[in-house]
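**Student:**
Number of protein chains: 2
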Amino acid sequence: MRVFDFDRVSKLSPAVPRERTEASPCAACTVRGMTICAPLDNQELAQVSAIMTSVELTSGEPLFDEGEEAGNVYNVTSGTVKVYKLLPDGRRQVTGFLFPGDFVGLARQETYAFSAEAVTPCLLCRFPRSKLENLMQRMPKIEQRLLNIASNELVAAQEQMLLLGRKTAREKIASFLLMLSKRARQRGQADDPVMVPMSRTDIGDYLGLTTETVSRSFTQLKQDGVIQLLPNHQVKLAQREALEDIAGGF
Amino acid sequence: MRVFDFDRVSKLSPAVPRERTEASPCAACTVRGMTICAPLDNQELAQVSAIMTSVELTSGEPLFDEGEEAGNVYNVTSGTVKVYKLLPDGRRQVTGFLFPGDFVGLARQETYAFSAEAVTPCLLCRFPRSKLENLMQRMPKIEQRLLNIASNELVAAQEQMLLLGRKTAREKIASFLLMLSKRARQRGQADDPVMVPMSRTDIGDYLGLTTETVSRSFTQLKQDGVIQLLPNHQVKLAQREALEDIAGGF
DNA sequence: CCATGTCGTTGATCCACGTCAAAACAGCCG
DNA sequence: CGGCTGTTTTGACGTGGATCAACGACATGG
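The structure is reproduced here in structure tokens:
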């Protein structure tokens, strides 16, 4: 596929708390290093924060639906969001999970190409698309950042196609757990007992499986001693090496 | 997923032959309207064409391999290219087919995230990445165009995930034929007897199926009178409406 | 025009995962 | 603490597509 990256500005770095003295709500943002705001200086940040509003979602609350007019873009600051597409008969494909620092954007059309919904209670930054576009005219750094984000997503999308088209249920679950672990680490969070906040149904819809098969694959990996299922939606990666071999198709 | 589009510059338009008088090889480019070069004026085009070299590939010839250093990006000007990822045991996922006007780019890493190979004899424009980056500094229009391209690809990637994760073999084949038809139309080519230049194996690797299942699904659609299999890799969409219903999961 | 390799089609069988059903469990509130 | 509700797990069974195996249909070159 045709991924690209001309971003020389900023590499993805673990989020570190920032302490600032200005009044901007972005000043204390703990995930700025991973967001669209990463390359901005304080003055630019103030301009961006001026058009931003906060959004709070409870578990299961929709953010927007596929086909709706795409008026806003978002940045997740806390919680987990899922984005998905539906077939007319209700079959669902979750195309991604979004964590703090992740960007929820939109298609080139004037309508969203997918639905987005909170998996856990969430906090997001909302930017009206038109206003952000104006801002981008004056700040090409944002455009570069977006291209960089899009490139990363494209690489991830291809990886997911390989998973969906060619991996077994066991391999899919192993890959999924490692993906969660890696992304938690990138956010500066614990990467070993991995938080798995989403339901079996959501996982199945993400991996192209049923809940029953997801559950059975977890059980099987547990019985093989590769993982341990802990309380509170946590999973211990008891044998990370083995899990990586399974995920990679060895 | 987090797609985005801030491109107000150029909408995708059917490729029309252009007649120009300058010496630039791009002057006569028949697919310029769809490429990265679309928004450029003649003077800019000359600068871009100065760093461009032509590449010719025979059927089955590799363009580059996953993991290789990503030194160049390409634009397909004629022929069909496939891009794919492999698992260690040889399982293959074709993540895309590229036609004239399509861009073959790269990941944010310094290495390609996938392999690319000619399906038919091909002609491509090659751009050294570093030189194009320099050019982009001076021509933000190219950057905007790339973001636009990346956004479109992200939408397509999500559609493909829905297909891979949730559609039946029959629905996959129907969707595939309609995709080929639509893209041919966008290029200004015949969209009804649709050209299907790739092998059953390639189609299977794109749709997450085996060659046998691809063949059986074609036969089934033919027997249902929805399509006709013509010589020379062509397929007639005898009942486009019905095909669209099947593809959409109705 | 036939020999030869590649690709596509068809048939028979198998199995990973889906489906259907029910039990076990986990929150949650009264 | 116990009943209620939704989620996860487990079990029994069915099936769509994979696998294995011929066979037919083209292209290509001698």
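In order, the protein sequence lines correspond to chains F and P.
Our numbering numbers the first residue of the first sequence as 134 and each following residue consecutively.
Our numbering numbers the first residue of the second sequence as 134 and each following residue consecutively.
Even glycine gets a Cβ: it sits at the ideal position worked out from N, Cα and C.
Does E363 of chain P come out as helix, strand or coil in the three-state DSSP assignment?
**Tutor:** By one-based count along the second sequence, residue 363 of chain P stands at place 230. First, the residue type needs correcting, since residue 363 of chain P is Leu and not Glu in the sequence shown. L363 of chain P: strand per DSSP, three-state reduction.
**Student:** My output table needs one value for G238 of chain P: the three-state DSSP class, helix, strand or coil.
**Tutor:** Working through the second sequence from its first residue, we reach residue 238 of chain P at position 105. Coil, per DSSP.
**Student:** How is Q353 of chain F classed by DSSP in three states: helix, strand or coil?
**Tutor:** One-based indexing of the first sequence puts residue 353 of chain F at position 220. Of the three classes helix, strand and coil, the one that applies to Q353 of chain F here is helix, per DSSP.
**Student:** Ignoring anything shorter than 3 residues or poking outside the segment 215-274 of chain P, list the beta strand (DSSP E) runs there in chain order.
**Tutor:** Segments of the beta strand (DSSP E) lying fully in the segment 215-274 of chain P: 225-231, 248-251, 255-261.
**Student:** Pull out every residue of the segment 267-285 of chain P whose Cβ sits closer than 8 Å to any Cβ of chain F, in chain order.
**Tutor:** Correct list: M269, P273, E276, Q277, L279, L280, N281, I282, A283, S284, N285.
**Student:** So, are the CB atoms of A380 of chain P and L311 of chain P less than 8 Å apart?
**Tutor:** Taking the first residue of the second sequence as position 1, residue 380 of chain P is located at position 247. Taking the first residue of the second sequence as position 1, residue 311 of chain P is located at position 178. Result yes, Cβ atoms of A380 of chain P and L311 of chain P sit closer than 8 Å.
**Student:** Considering only the beta carbon of each residue, do V216 of chain F and F247 of chain F sit closer than 8 Å?
**Tutor:** Start at 1 with the first residue of the first sequence, and residue 216 of chain F comes out as number 83. Start at 1 with the first residue of the first sequence, and residue 247 of chain F comes out as number 114. In this structure, F247 of chain F lies closer than 8 Å to V216 of chain F by Cβ.
**Student:** Flag L311 of chain F as yes if its beta-carbon sits less than 8 Å from any beta-carbon of chain P, otherwise no.
**Tutor:** Here the question's residue 311 of chain F lines up with position 178 in the first sequence. It does not; no Cβ of chain P falls within 8 Å.
**Student:** What residues of chain P sit near R259 of chain F, judged by a beta carbon separation below 8 Å?
**Tutor:** On the first sequence, position 126 is the one that residue 259 of chain F refers to. Result: empty, since nearest Cβ-Cβ is about 14 Å, beyond 8 Å.
**Student:** Beta-carbon of Q367 of chain F versus every beta-carbon of chain P: anything under 8 Å?
**Tutor:** Position 234 of the first sequence, counted from the first residue, corresponds to residue 367 of chain F. Closer than 8 Å: no.
**Student:** Which value, in whole angstroms, describes the spacing of the CA atoms of I275 of chain F and G229 of chain F?
**Tutor:** Working through the first sequence from its first residue, we reach residue 275 of chain F at position 142. Working through the first sequence from its first residue, we reach residue 229 of chain F at position 96. Looking at the two C-alpha atoms, the distance is approximately 23 Å.
**Student:** Considering Cα atoms alone, identify which of F:F232, F:E377, F:N208 is closest to R262 of chain F.
**Tutor:** Working through the first sequence from its first residue, we reach residue 262 of chain F at position 129. Minimum Cα distance to R262 of chain F is reached at F:N208.
**Student:** Are A251 of chain F and T191 of chain F close, meaning C-beta to C-beta below 8 Å?
**Tutor:** Counted from its first residue, the first sequence places residue 251 of chain F at position 118. Counted from its first residue, the first sequence places residue 191 of chain F at position 58. For A251 of chain F and T191 of chain F, yes; Cβs fall inside 8 Å.
**Student:** Do G382 of chain F and P221 of chain P count as a contact pair if the criterion is CB distance below 8 Å?
**Tutor:** Residue mapping note: residue 221 of chain P aligns to position 88 of the second sequence, counting from 1. Residue mapping note: residue 382 of chain F aligns to position 249 of the first sequence, counting from 1. It is a contact, given that the beta carbons lie within the stated cut-off.
**Student:** Looking at F232 of chain P: is its Cβ nearer than 8 Å to the Cβ of I169 of chain P?
**Tutor:** Locating residue 232 of chain P in the second sequence gives position 99, where the first residue counts as 1. Locating residue 169 of chain P in the second sequence gives position 36, where the first residue counts as 1. Not closer than 8 Å, so no.
**Student:** Excluding sequence positions up to five away, which residues of its chain have a Cβ less than 7 Å from the Cβ of N205 of chain F?
**Tutor:** For this step, residue 205 of chain F is matched to residue 72 along the first sequence. These residues qualify, in order along the chain: R259, F260, P261, R262.
**Student:** Does any C-beta atom of chain P lie closer than 8 Å to the C-beta of Q180 of chain F?
**Tutor:** As a first step, residue 180 of chain F must be located in the first sequence, where it is residue number 47. Cβ-Cβ to chain P under 8 Å: no for Q180 of chain F.
**Student:** Go ahead and label E304 of chain F buried or exposed: buried means 16 or more other beta carbons lie within 10 angstroms of its beta carbon, across all protein chains shown.
**Tutor:** Numbered from 1 along the first sequence, position 171 holds the residue referred to as residue 304 of chain F. Buried, by the Cβ-count rule.
**Student:** How would you write the range of the beta strand (DSSP E) that V327 of chain P sits in, first residue to last?
**Tutor:** Within the second sequence, the letter at position 194 stands for residue 327 of chain P. From DSSP, the beta strand (DSSP E) with V327 of chain P extends over 326-328.
**Student:** Should A307 of chain F be labelled buried (16 or more other beta-carbon atoms within 10 Å of its own) or exposed?
**Tutor:** Within the first sequence, numbered from 1, the residue matching residue 307 of chain F stands at position 174. So A307 of chain F counts as buried.
**Student:** Can you tell me which of P:L256, P:G337, P:D338 puts its alpha carbon nearest to the alpha carbon of V164 of chain P?
**Tutor:** The residue given as residue 164 of chain P occupies position 31 in the second sequence. For V164 of chain P, the nearest C-alpha among the options comes from P:L256.
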